[in-house]
Amino acid sequence: MAGPVRERVTAADRRHFDFMETLLRISDELTEEETQNVKLFCRHLIPRGHAEQLRRAVDVFNKLIDLDKIDQENLDFIEEILERIGRQDLIRDVLRRFQPPDREIPENPELQPGTSQHGQGANAEDVKRQLPVDDIEVGCSTQNKHQRAAQIWTRLSALNLFSDALPLHLQAAASLEYQGFSYSLVRALVQKDRLREHQMRQAIQNLRNAEVDSNTLRQKAEVDSNTLRQKAEVDSNTLRQKAEVDSNTLRQKAEVDSNTLRQKAEVDSKTLRQKAEMDSTTIMTLRSKLNITENRLKEALETISVLEEKLQQAQEYAEKAAKQVTSHRTEYRGEKPPGGWPQGYRGEKPPGGWPQEYRGEKPPGGWPAQVENADAATQTHLTDPVGTTGIPGGVGDKLGADPTVKEEDGKTPRQDSGSGSNEKEDVLGTEAPEQERHTAGTEGAAPGSTGDKKQGEITFGGEGSEPGKFRLPRGVVVSPSNEIFVTDMGNRRVQVHSTEGVYLRHFPAVVPGIGDNTIQPRDVCMDGNGTLWVVGHEVIADHVVQYSTDGTAMAGFDLKKIDYDRGIAVDMRTNHILVTDPDQGEVQVFRPDGSLVRTVRHPRGEMRHPRYVTVDGEGNILVSDWGTHCVYVYDESGKFLFQFGGRGSSEGQLTYPGGICTDSSGHILVADSGNERVQIFTRHGEFVRTVRTGSDPESLAVGPEGQLVVINSFNCTVTVYPNY
1 MAGPVRERVT
11 AADRRHFDFM
21 ETLLRISDEL
31 TEEETQNVKL
41 FCRHLIPRGH
51 AEQLRRAVDV
61 FNKLIDLDKI
71 DQENLDFIEE
81 ILERIGRQDL
91 IRDVLRRFQP
101 PDREIPENPE
111 LQPGTSQHGQ
121 GANAEDVKRQ
131 LPVDDIEVGC
141 STQNKHQRAA
151 QIWTRLSALN
161 LFSDALPLHL
171 QAAASLEYQG
181 FSYSLVRALV
191 QKDRLREHQM
201 RQAIQNLRNA
211 EVDSNTLRQK
221 AEVDSNTLRQ
231 KAEVDSNTLR
241 QKAEVDSNTL
251 RQKAEVDSNT
261 LRQKAEVDSK
271 TLRQKAEMDS
281 TTIMTLRSKL
291 NITENRLKEA
301 LETISVLEEK
311 LQQAQEYAEK
321 AAKQVTSHRT
331 EYRGEKPPGG
341 WPQGYRGEKP
351 PGGWPQEYRG
361 EKPPGGWPAQ
371 VENADAATQT
381 HLTDPVGTTG
391 IPGGVGDKLG
401 ADPTVKEEDG
411 KTPRQDSGSG
421 SNEKEDVLGT
431 EAPEQERHTA
441 GTEGAAPGST
451 GDKKQGEITF
461 GGEGSEPGKF
471 RLPRGVVVSP
481 SNEIFVTDMG
491 NRRVQVHSTE
501 GVYLRHFPAV
511 VPGIGDNTIQ
521 PRDVCMDGNG
531 TLWVVGHEVI
541 ADHVVQYSTD
551 GTAMAGFDLK
561 KIDYDRGIAV
571 DMRTNHILVT
581 DPDQGEVQVF
591 RPDGSLVRTV
601 RHPRGEMRHP
611 RYVTVDGEGN
621 ILVSDWGTHC
631 VYVYDESGKF
641 LFQFGGRGSS
651 EGQLTYPGGI
661 CTDSSGHILV
671 ADSGNERVQI
681 FTRHGEFVRT
691 VRTGSDPESL
701 AVGPEGQLVV
711 INSFNCTVTV
721 YPNY
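Count the sequence shown with full-length UniProt numbering and you get residues 1 to 724, in order.
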């Protein structure tokens with residue numbers, strides 16, 4: 001019988017392709033690190049030099065095929081490696097699919113090795129004839145290609161491999177007969193396939209029955225689902241309606257509660273804001289008072305030390321004088337007194353008789369010349385060129401004058417009583433310098449009353465909220481019509497008085513555009529058009545507001561909120577508004593619409609806490625600085641020119657300088673708060689003279705008739721000096 005024609009792609013080829021595809025899939029699934037691990041496990045088979053040349057795992061597998069470690073029937077070596085590197089998934093999903101489990105061997109004697117109907121000799125001849133075909137076409141040899149042997153199990157392996165794919169027709173049977181299988185074996189396989197086909201048909205029928213049951217259950221589930229959906233929709237609509245009603249009710253209640261809480265919060269916030277502003281102002285005032293009190297205490301201690309030294313000197317002089325007087329004590333025995341008897345003395349016995357012992361009284365007619373000279377010398381040491389206590393001039397100024405004592409016509413109350421000798425009158429009644437008379441009695445003057453009538457000083461105000469009273473007055477300016485405008489910070493208003501101290505009017509410090517809200521006005525100035533510019537403080541921001549003289553808010557702009565007092569001034573030539581910024585250590589120059597022109601700073605940042613500012617007739621900018629106790633002078637472009645002052649109490653020195661202004665002579669007037677005085681300098685910063693105020697001046701201004709107006713913030717008064 002002629003053999004069948006060989007196909008171009010045989011089953012052996014396909015088996016080989018599947019084998020290599022399996023190796024490629026395993027190689028592609030391995031990472032670079034896992035590939036290195038595979039090389040490591042094959043180190044005993046592949047030399048290191050050769051292993052480094054193998055880049056992929058499939059190259060290693062090809063090397064293992066060459067070394068006869070793996071083939072199509074034996075992949076146990078690869079399975080062991082994959083299990084050791086933790087890739088059981090490749091064993092399960094790739095390797096096991098290539099190795100289907102062996103099929104059950106039919107119980108047929110012809111399938112057993114060494115049995116055939118042709119006998120042993122025919123079997124041997126059949127093996128001899130079929131081995132090359134099995135090795136080439138089937139490719140299922142269990143031995144390597146160098147050690148092939150005649151094994152009957154090769155046929156069984158081929159049968160197991162292709163049994164699932166055997167077609168139930170004669171061509172397949174003929175093919176198997178050609179390869180040496182008996183007809184009985186083929187028939188057994190056919191019967192087995194038919195049984196499997198019957199089982200598959202039975203399984204298909206079962207699946208169809210299950211599909212019918214599934215359709216029935218699906219229809220029933222759809223009906224139940226529709227019923228449940230309708231019921232859920234009804235319940236959902238009911239719950240939605242109920243939820244909407246509850247939501248509307250809760251929303252209305254929440255809105256009512258929110259409005260109530262908002263109104264209450266606004267009231268509480270406004271109350272707390274006002275209280276916080278007042279507390280903040282009070283704290284700043286107390287801090288300033290504390291600093292000034294510390295300075296006063298230091299000066300008082302120095303004064304006490306000087307007084308103690310003078311007291312010790314006075315005690316020494318008194319002891320010396322007592323010794324000199326004691327040296328004149330003697331017992332009177334009726335002899336003629338030193339210097340002789342007076343002309344009117346007739347020798348009569350004095351009333352009450354002669355004294356038993358002479359006590360050193362001045363005898364009638366006076367002492368001899370040498371004794372008189374000694375007494376005069378002693379008295380000279382016990383008196384001051386000006387005062388009566390032996391305290392040098394200037395010490396008494398530090399202590400302050402007694403507010404209950406008022407000088408009049410250069411005499412003291414003791415002179416008016418007519419008691420004492422002429423010598424004592426000459427010493428005690430010495431007229432005080434004009435500067436001291438200028439300030440005497442002003443600190444204790446009642447509000448609305450005058451101080452020194454001779455000098456015409458007027459003090460008015462006092463603490464309170466009624467018209468004419470102040471609470472923390474800060475800035476001041478005098479109009480060309482002699483009206484004094486004072487920023488009453490604690491009462492949130494601006495008060496207007498005449499230069500005679502008569503209350504005229506006041507107006508609240510409102511801000512345009514924010515309703516009835518007011519600010520705490522800190523400083524005030526007047527421009528060339530006769531309108532006021534006020535800088536003040538509010539909770540959210542600081543404000544600069546322009547007012548008419550009757551209190552109408554005209555315009556304004558906002559500033560960044562800071563915690564320190566600001567000063568304000570107007571450059572009459574350019575109509576620019578200058579505002580100090582103590583927080584940044586600078587002066588900001590604005591146009592009236594609030595646009596920034598420039599910023600004035602010290603080139604080395606030495607101006608740390610600018611308080612008040614003014615502009616002189618030449619356009620120079622003068623700034624008082626609390627941080628350095630100096631006055632800084634810049635030109636109109638902001639270029640630094642010079643500075644003067646410095647902390648101290650000597651002439652020309654300043655302690656916490658406050659308000660600053662210039663007069664018609666070009667002199668610079670500075671409120672020296674820490675030293676309770678106003679100091680006057682030339683336009684070049686040279687000291688001229690001092691005006692004593694009796695309290696710490698906060699700010700000042702000069703009127704059109706040369707009046708000096710000083711704000712005393714701590715006692716809430718305003719003092720007018722007609723001639724300073």
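For every residue, glycine included, the Cβ atom is placed at its ideal position computed from N, Cα and C. As the structure is a computational prediction, the values presented were derived from the model and not from experiment.
{"Check": "Start and end of the alpha helix (DSSP H) containing S27?", "Outcome": "A11 to E29"}
{"Check": "Taking 8 Å as the threshold, find out whether the region 509 to 517 comes into contact with the region 534 to 544 through three or more Cβ pairs.", "Outcome": "yes"}
{"Check": "Specify, as a first and last residue, the run of the beta strand (DSSP E) that E483 falls within.", "Outcome": "E483 to D488"}
{"Check": "Distance check for G659 and Q679, CA to CA, integer angstroms please.", "Outcome": "11 Å"}
{"Check": "Between which two residues does the beta strand (DSSP E) containing H543 stretch?", "Outcome": "D542 to Y547"}
{"Check": "Could you pull out every residue in the same chain whose Cβ sits closer than 7 Å to the Cβ of E500, ignoring the five residues on either side in sequence?", "Outcome": "I458"}
{"Check": "Consult DSSP for R287 and reduce its assignment to one of helix, strand or coil.", "Outcome": "helix"}
{"Check": "Closest to D488 by CA distance: which of T717, E29 and M20 is it?", "Outcome": "T717"}
{"Check": "Helix, strand or coil: which one does DSSP assign to T719?", "Outcome": "strand"}
{"Check": "What are the boundary residues of the beta strand (DSSP E) that R604 is part of?", "Outcome": "Element bounds for R604: n/a, residue is neither H nor E."}
{"Check": "Considering only the alpha carbon of each residue, which of V613, M572, R604 and D563 lies closest to V587?", "Outcome": "V613"}
{"Check": "Can you tell me whether DSSP reads I70 as helix, strand or coil?", "Outcome": "coil"}
{"Check": "Going by the beta-carbon positions, is the gap between L64 and F77 smaller than 8 Å?", "Outcome": "yes"}
{"Check": "When DSSP labels each residue in this structure, what does D304 get in the three-state scheme?", "Outcome": "Note that residue 304 is Ile in the sequence shown here, rather than Asp. Helix."}
{"Check": "Count the other CB atoms within 10 Å of the CB of Q520; is the residue buried (16 or more) or exposed (fewer)?", "Outcome": "buried"}
{"Check": "Three Cβ pairs or more, each shorter than 8 Å: is that satisfied between the region 665 to 675 and the region 683 to 702?", "Outcome": "yes"}
{"Check": "By the DSSP assignment, the beta strand (DSSP E) with H629 in it spans what residues?", "Outcome": "Per DSSP, H629 belongs to no beta strand (DSSP E) and is neither H nor E."}
{"Check": "Counting only runs that start and end within the UniProt repeat \"NHL\" (641 to 684), where is the alpha helix (DSSP H) found for 4 or more residues in a row?", "Outcome": "none"}
{"Check": "Within 10 angstroms of the Cβ of S214, are there 16 or more other Cβ atoms? Answer buried if so, exposed if not.", "Outcome": "exposed"}
{"Check": "Any idea what DSSP makes of Q99, helix, strand or coil?", "Outcome": "coil"}
{"Check": "Can S713 and P473 be called in contact, C-beta distance under 8 Å?", "Outcome": "yes"}
{"Check": "Have a look at the DSSP bridge pairing and note the partners of L64.", "Outcome": "Answer is none; L64 lacks a bridge partner."}
{"Check": "Can you tell me the Cα-Cα spacing of L54 and N209, whole angstroms?", "Outcome": "57 Å"}
{"Check": "V589 and I568: beta carbons closer than 8 Å?", "Outcome": "no"}
{"Check": "Roughly how many angstroms separate the alpha carbons of A701 and F687, rounded to a whole number?", "Outcome": "19 Å"}
{"Check": "Return the CA-CA distance between T260 and E266, expressed in angstroms with no decimal places.", "Outcome": "10 Å"}
{"Check": "For G490, collect the residues of the same chain with a Cβ closer than 6 Å to its Cβ; drop the 5 residues on either side in sequence, then sort them by chain order.", "Outcome": "R471 and L472"}
{"Check": "If you follow the beta strand (DSSP E) that F590 is in, where does it begin and where does it stop?", "Outcome": "E586 to F590"}
{"Check": "If we count the other Cβ atoms within 10 Å of its Cβ and call it buried at 16 or more, is T154 buried or exposed?", "Outcome": "Residue placement at T154 is flagged as unreliable, the pLDDT there being 46, under the threshold of 50; a coordinate-derived value is accordingly withheld."}
{"Check": "One question on the structure: do V58 and C42 come within less than 8 Å of each other, judged by their Cβ atoms?", "Outcome": "no"}
{"Check": "Note the first and the last residue of the continuous alpha helix (DSSP H) segment covering H50.", "Outcome": "R48 to Q53"}
{"Check": "For the structure I just gave you, are there three or more beta carbon pairs, one from the region 225 to 237 and one from the region 473 to 483, closer than 8 Å?", "Outcome": "no"}
{"Check": "For the beta strand (DSSP E) holding T518, just list the boundary residues, first then last.", "Outcome": "Premise fails: T518 is in no beta strand (DSSP E) and is neither H nor E."}
{"Check": "For M526 versus V597, is the C-beta spacing smaller than 8 Å?", "Outcome": "no"}
{"Check": "Nearest to V710 by CA position, among A188, I562 and L669, is which residue?", "Outcome": "L669"}
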